[in-house]
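J.: Dumping the structure here so I can ask a few things about it.
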Amino acid sequence: MKLNIALCSPNKNAYSETFIQAHKRLLKGTIFYYYDGELPSKLENGLVINSRKKRLLDLFKGHLNLNRFSLPEQALLTSFKKNKIDVVLAEYGTTAMKLLPVCEELELPIIVHFHGFDASRTDLLLQNDHYKKLFDYAKFIVIVSKKMETDLLNMGCPSQKLIYNVYGPGEEFFEVQPQFSKPQFIFAGRFVDKKAPHYLILSFLEVVKSFPDAILIMAGDGVLKESCENLVEYYELEKNIIFPGVVDASMLRKYFIESLAYVQHSVTAKDGDSEGTPVVILEAGAAGLPVISTRHAGIPDVVIDEETGYLVEEEDIRGMSERMLKLLRNPGRAKILGKNARERISSNFRLERHINKLNSLVNKSLEQ
58 MKLNIALCSP
68 NKNAYSETFI
78 QAHKRLLKGT
88 IFYYYDGELP
98 SKLENGLVIN
108 SRKKRLLDLF
118 KGHLNLNRFS
128 LPEQALLTSF
138 KKNKIDVVLA
148 EYGTTAMKLL
158 PVCEELELPI
168 IVHFHGFDAS
178 RTDLLLQNDH
188 YKKLFDYAKF
198 IVIVSKKMET
208 DLLNMGCPSQ
218 KLIYNVYGPG
228 EEFFEVQPQF
238 SKPQFIFAGR
248 FVDKKAPHYL
258 ILSFLEVVKS
268 FPDAILIMAG
278 DGVLKESCEN
288 LVEYYELEKN
298 IIFPGVVDAS
308 MLRKYFIESL
318 AYVQHSVTAK
328 DGDSEGTPVV
338 ILEAGAAGLP
348 VISTRHAGIP
358 DVVIDEETGY
368 LVEEEDIRGM
378 SERMLKLLRN
388 PGRAKILGKN
398 ARERISSNFR
408 LERHINKLNS
418 LVNKSLEQ
């Protein structure tokens, strides 16, 4: 029997959320994609489930129970009923918390997929009472790092509900053949505190002192981008550090071909925000690039220091510089590490494995 799955996400097409697009594209069943806010207000194909006109119409018809549910909750209740939803997959714990009253009312099983900030940001944990009600009701809690597993266990999540299921890169990344011929490094992601792009720039400043022709591509966008551009201008690194903006998967693969390594200086932000397991690190490894990054969140679950790349402590600016210099002095070493990285990603982190596990959880959630 083909299941009706409500896939619920706060954003529709955020460029940094390729994992959600993979879920929408590859999960078995009929996918009803709800988005726009932690309590989604839209259904894909342009249908607004919580418009003012629709609320007034439902109120007139007596469909709304305003004593028990808010108007947005009632709109979602009505839509879930209409589409005969069998199971809900909530992207992010914060989304799941908003969906909880609706799922309880309809007795719908919910699978919660945590991704990073939702399991770490202090204000969200307090606001959601550390997800206690969610842990009680949810069928499964999907996590993407060992650190996240420890954190949620400490919050009281039952161990039998926790499912470790890291993402996987698109198959096209395994076809990339890096040349290791240019003194170039690549970073791609949001310019936000937890990715600490400013630390990466300071690390690269030291690299350029020894290799004046070295290049760092910093692809992406975010609140810190302008500050990073100003920092590059201050240190007169405009010829060495390039900001191409947001790039698609095809352009990212092109940069992978040209680069010696993928670099990212992830840290825990002051508000507690941290990574899950960055998909781009999986993509870089699949492409045969070594990764230079930090011992942060799920990154050490993927990157093996001195075997598939290099890891340094958070905020170790000098250490990251030294690892980049190692590869500039010995590009052959980058090739060996990259080969190991591709083998590790292929053996442990294929996208097919990730999707198969989610499909299995969807089916199991209806058996219990």
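Heads up: the sequence shown begins at 58 in the working numbering, then just goes up one per residue.
C-beta atoms are modelled at their ideal positions from N, C-alpha and C, and glycine is treated no differently.
1) Can you give the Cα-Cα distance for Pro240 and Leu317, rounded to whole angstroms?
2) Per the DSSP calculation, Gln78 is bridged to which residue(s)?
3) For Gly173, which option in Ala326, Ser350, Leu394 has the closest C-alpha, if you only look at C-alpha atoms?
4) Would you kindly check if the distance between the Cβ of Leu134 and the Cβ of Val145 is under 8 Å?
5) Roughly how many angstroms separate the alpha carbons of Ile62 and Asp143, rounded to a whole number?
6) Are Glu161 and Tyr194 close, meaning C-beta to C-beta below 8 Å?
7) Roughly how many angstroms lie between the CA atoms of Asn340 and Val359, to the nearest whole one?
8) Classify Tyr194 as helix, strand or coil using the three-state DSSP reduction.
9) Evaluate the contact criterion for the segment 352-372 versus the segment 232-249: three or more CB pairs, one atom per stretch, below 8 Å.
10) Report, in whole angstroms, the separation of the C-beta atoms of Tyr91 and Leu64, which I expect to be a contact under 8 Å.
11) Let me know if Tyr319 comes out buried or exposed under the rule of 16 or more other beta-carbons within 10 Å of its beta-carbon.
12) Less than 8 Å between C-beta atoms, sequence neighbours within five positions excluded: which residues of the same chain meet that for Lys118?
13) With the cut-off set at 8 Å, would you say Ala276 and Val303 are in Cβ contact?
14) Could you pull out every residue in the same chain whose Cβ sits closer than 7 Å to the Cβ of Glu295, ignoring the five residues on either side in sequence?
15) Can you look up Ser350 in the DSSP assignment and give me helix, strand or coil?
16) Please state whether DSSP places Phe244 in a helix, a strand or coil.
17) Which residues bound the alpha helix (DSSP H) around Glu161?
18) In whole angstroms, give me the CA-to-CA distance for Phe261 and Val348.
19) Using the rule of at least 16 other Cβ atoms within 10 Å of the residue's Cβ for burial, across every protein chain shown, is Asn420 buried or exposed?
20) Please report the distance separating the alpha-carbon of Ile258 from that of Ser177.
21) Do you know offhand how far Leu382's Cα is from Lys189's?
22) Can you tell me which of Val249, Leu346, Val265 puts its alpha carbon nearest to the alpha carbon of Glu379?
23) Buried or exposed, going by whether 16 or more other CB atoms sit within 10 Å of the CB of Arg375?
24) Is DSSP giving Leu385 helix, strand or coil here?
25) Quick check: what's the CA-CA separation for Leu209 versus Asn297?
26) Can you give me the C-alpha to C-alpha distance between Ser350 and Lys203, rounded to a whole angstrom?
27) Taking the DSSP output, what are the residues bridged to Asn61?
28) Out of Glu74, Leu83, Asn70, Pro67, state which residue places its alpha-carbon closest to the alpha-carbon of Leu408.
29) Do Pro254 and Leu346 have their beta-carbon atoms positioned less than 8 Å apart in this structure?
30) Closest by CA to Pro158, which one among Ser403, Leu191, Thr179?
31) Classify Val249 as helix, strand or coil using the three-state DSSP reduction.
32) Between which two residues does the alpha helix (DSSP H) harbouring Gly342 extend?
T.: Quick answer:
1) Residue 240 sits at position 183 when you count from the first residue of the sequence shown. Residue 317 sits at position 260 when you count from the first residue of the sequence shown. Taking the straight line from one Cα to the other gives about 7 Å.
2) Within the sequence shown, residue 78 is the residue found at index 21, counting from 1. DSSP lists no partner for Gln78.
3) Against the sequence shown, residue 173 aligns to sequence position 116. Closest by alpha carbon: Ala326.
4) The count along the sequence shown starts at 1 and reaches residue 145 at position 88. The count along the sequence shown starts at 1 and reaches residue 134 at position 77. No, the pair does not count as a contact, with Cβ atoms beyond the cut-off.
5) Locating residue 62 in the sequence shown gives position 5, counting from the first residue. Locating residue 143 in the sequence shown gives position 86, counting from the first residue. Cα-Cα distance, rounded: 6 Å.
6) Against the sequence shown, residue 161 aligns to sequence position 104. Against the sequence shown, residue 194 aligns to sequence position 137. Less than 8 Å divides the Cβ of Glu161 from the Cβ of Tyr194.
7) To locate residue 340, count along the sequence shown from 1; it is residue 283. To locate residue 359, count along the sequence shown from 1; it is residue 302. Here the sequence assigns Glu to residue 340, which means Asn is not the residue at that position. Approximately 11 Å, taken between the alpha carbons.
8) Working through the sequence shown from its first residue, we reach residue 194 at position 137. Helix.
9) Flag = no, the segment 352-372 and the segment 232-249 do not touch.
10) As a first step, residue 91 is located in the sequence shown; it is residue number 34 there, counting from the start. As a first step, residue 64 is located in the sequence shown; it is residue number 7 there, counting from the start. Correct: roughly 7 Å between the Cβ atoms.
11) By one-based count along the sequence shown, residue 319 stands at place 262. Counting Cβ neighbours within 10 Å, Tyr319 comes out buried, since at least 16 surround it.
12) Residue numbering aside, residue 118 sits at position 61 when the sequence shown is read from its first letter. Residue placement at Lys118 cannot be trusted, given a pLDDT of 47 that sits under 50; what the coordinates show is reported in the next sentence. Once the five neighbours on either side are set aside, Lys118 has no close Cβ partner at all.
13) Along the sequence shown, read from residue 1 onward, the residue named residue 276 stands at position 219. Along the sequence shown, read from residue 1 onward, the residue named residue 303 stands at position 246. Cβ atoms of Ala276 and Val303: closer than 8 Å.
14) What you label residue 295 is simply residue 238 of the sequence shown in a count that begins at 1. Cβ neighbours of Glu295 beyond the five flanking positions: Val289.
15) The residue you call residue 350 lines up with position 293 of the sequence shown. Three-state result, Ser350: strand.
16) Taking the first residue of the sequence shown as 1, we reach residue 244 at position 187. For Phe244, the secondary structure class from DSSP, reduced to helix, strand or coil, is strand.
17) The residue you call residue 161 lines up with position 104 of the sequence shown. DSSP places Glu161 in the uninterrupted alpha helix (DSSP H) bounded by 150-163.
18) Position 204 of the sequence shown, counting from 1, holds the residue named residue 261. Position 291 of the sequence shown, counting from 1, holds the residue named residue 348. Looking at the backbone, the Cα of Phe261 and that of Val348 are separated by about 15 Å.
19) Position 363 of the sequence shown, counted from the first residue, corresponds to residue 420. Exposed, by the Cβ-count rule.
20) As a working mapping, residue 258 is identified with position 201 in the sequence shown. As a working mapping, residue 177 is identified with position 120 in the sequence shown. If I take the Cα positions, the gap works out to 26 Å.
21) Taking the sequence shown and counting its residues from 1, the one referred to as residue 382 is at position 325. Taking the sequence shown and counting its residues from 1, the one referred to as residue 189 is at position 132. Their backbone Cα atoms lie some 47 Å apart in a straight line.
22) Against the sequence shown, residue 379 aligns to sequence position 322. Per the Cα distances, Val265.
23) Translated into positions along the sequence shown, residue 375 becomes position 318. Per the 10 Å Cβ criterion, exposed.
24) Here residue 385 corresponds to residue number 328 of the sequence shown, with the count starting at 1. Helix, per DSSP.
25) Residue numbering aside, residue 209 sits at position 152 when the sequence shown is read from its first letter. Residue numbering aside, residue 297 sits at position 240 when the sequence shown is read from its first letter. Going from the Cα of Leu209 to the Cα of Asn297 covers about 42 Å.
26) Numbered from its first residue, the sequence shown carries residue 350 at position 293. Numbered from its first residue, the sequence shown carries residue 203 at position 146. Computed Cα separation, rounded: 17 Å.
27) What you label residue 61 is simply residue 4 of the sequence shown in a count that begins at 1. BP columns for Asn61 point to Thr87.
28) The residue given as residue 408 occupies position 351 in the sequence shown. It is Leu83.
29) Mapped onto the sequence shown, residue 346 falls at position 289. Mapped onto the sequence shown, residue 254 falls at position 197. Not in contact: Leu346 and Pro254 (Cβ atoms no closer than 8 Å).
30) Translated into the one-based positions of the sequence shown, residue 158 becomes position 101. Comparing Cα positions, the closest option is Leu191.
31) The residue you call residue 249 lines up with position 192 of the sequence shown. The answer is coil: DSSP assigns Val249 none of H, G, I, E or B.
32) Position 285 of the sequence shown, counted from the first residue, corresponds to residue 342. Element bounds for Gly342: 336-343.
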